[in-house]
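Enquirer:
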Amino acid sequence: GAVVSQHPSWVICKSGTSVKIECRSLDFQATTMFWYRQFPKQSLMLMATSNEGSKATYEQGVEKDKFLINHASLTLSTLTVTSAHPEDSSFYICSARDKDLPPNQPQHFGDGTRLSIL
Amino acid sequence: GENVEQHPSTLSVQEGDSAVIKCTYSDSASNYFPWYKQELGKGPQLIIDIRSNVGEKKDQRIAVTLNKTAKHFSLHITETQPEDSAVYFCRLGNAGNMLTFGGGTRLMVKP
Numbered sequence: 035g036a037v038v039s040q041h042p043s044w045v046i047c048k049s050g051t052s053v054k055i056e057c058r059s060l061d062f063q064a065t066t067m068f069w070y071r072q073f074p075k076q077s078l079m080l081m082a083t084s085n086e087g088s089k090a091t092y093e094q095g096v097e098k099d100k101f102l103i104n105h106a107s108l109t110l111s112t113l114t115v116t117s118a119h120p121e122d123s124s125f126y127i128c129s130a131r132d133k134d135l136p137p138n139q140p141q142h143f144g145d146g147t148r149l150s151i152l
Numbered sequence: 383g384e385n386v387e388q389h390p391s392t393l394s395v396q397e398g399d400s401a402v403i404k405c406t407y408s409d410s411a412s413n414y415f416p417w418y419k420q421e422l423g424k425g426p427q428l429i430i431d432i433r434s435n436v437g438e439k440k441d442q443r444i445a446v447t448l449n450k451t452a453k454h455f456s457l458h459i460t461e462t463q464p465e466d467s468a469v470y471f472c473r474l475g476n477a478g479n480m481l482t483f484g485g486g487t488r489l490m491v492k493p
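First to last, the protein sequences are chains U and D.
Per the working numbering, the first sequence runs over residues 35 to 152.
Per the working numbering, the second sequence runs over residues 383 to 493.
1) On the CB-based measure, 16 or more other CB atoms within 10 Å of its CB, does L422 (chain D) come out buried or exposed?
2) What's the gap between the Cα of P426 (chain D) and the Cα of D145 (chain U)?
3) For V37 (chain U) versus D61 (chain U), is the C-beta distance shorter than 8 Å?
4) What residue range is occupied by the uninterrupted beta strand (DSSP E) comprising V386 (chain D)?
5) Assuming S129 (chain U) and H142 (chain U) are in contact, meaning their beta carbons sit under 8 Å apart, how far apart are those beta carbons, in whole angstroms?
6) Pick out the complete alpha helix (DSSP H) segments inside the segment 425 to 480 of chain D, 4 residues or longer, and give them in chain order.
7) Can you look up E56 (chain U) in the DSSP assignment and give me helix, strand or coil?
8) Can you tell me whether S111 (chain U) is buried or exposed? The criterion is at least 16 other CB atoms within 10 Å of its CB, across all chains shown.
9) Could you tell me which chain D residues have their CB closer than 8 Å to the CB of I127 (chain U), listed as they occur along the chain?
10) Is the segment 475 to 493 of chain D touching the segment 457 to 465 of chain D in the sense that three or more CB pairs, one from each, lie closer than 8 Å?
This is the structure we're talking about:
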């Protein structure tokens with residue numbers, strides 16, 4: 035089945051550091067990828083929709099200058115948390131939509147990146 | 383986005399018993415209803431889904447039922463096993479979009 039790979043799976047860094055998370059679709063092409071944040075014991079909250087070749091669309095309340103998204107190819111989207119602070123510590127998950135399927139089809143999720151800012 | 387309420391938030395059952403999780407919604411335009419299982423430290427995985435033109439779908443021990451009139455859909459797990467322990471999320475979709483996740487249900491299956 036379709037696989038989405040997310041890297042790294044876990045990162046710990048100092049406050050003020052910028053952290054880049056990669057999301058790759060391994061066996062399909064994705065014009066659209068999605069980035070979610072999940073705090074402990076809570077549901078997934080959509081942060082932004084990443085569109086290949088164009089600017090990402092951010093959800094209300096998500097700072098686009100804080101969470102930089104780049105979707106430069108049909109198989110890779112990156113999320114960079116700039117100048118990360120302890121409150122940015124969370125579980126970040128991406129998903130991807132197969133470009134050859136209708137929009138209302140299951141998305142494939144990565145296994146998440148646990149970000150801990152000290 | 384569209385709100386979806388999921389209940390219960392936690393569910394503890396004995397191995398072999400059944401588990402039922404329910405989600406209610408209000409948007410009549412919703413026509414796609416997937417369920418996801420999220421194990422600790424991993425992303426959610428689709429386990430079953432249903433579209434609005436059917437009322438029930440079954441895959442071995444897992445089933446989903448949909449009541450469009452009452453605007454709710456449920457996940458049923460029969461003969462539960464310890465490996466079913468996880469967090470389960472419902473979600474809504476309509477013609478062009480996948481909408482919000484439910485709040486999640488932490489299922490614990492006691493051996």
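C-beta atoms are modelled at their ideal positions from N, C-alpha and C, and glycine is treated no differently.
Fair warning: this is a prediction, and the values are worked out from it, not measured in the lab.
Expert: In this structure, then:
1) exposed
2) 8 Å
3) yes
4) V386 to H389
5) 6 Å
6) none
7) strand
8) buried
9) G425 and P426
10) yes
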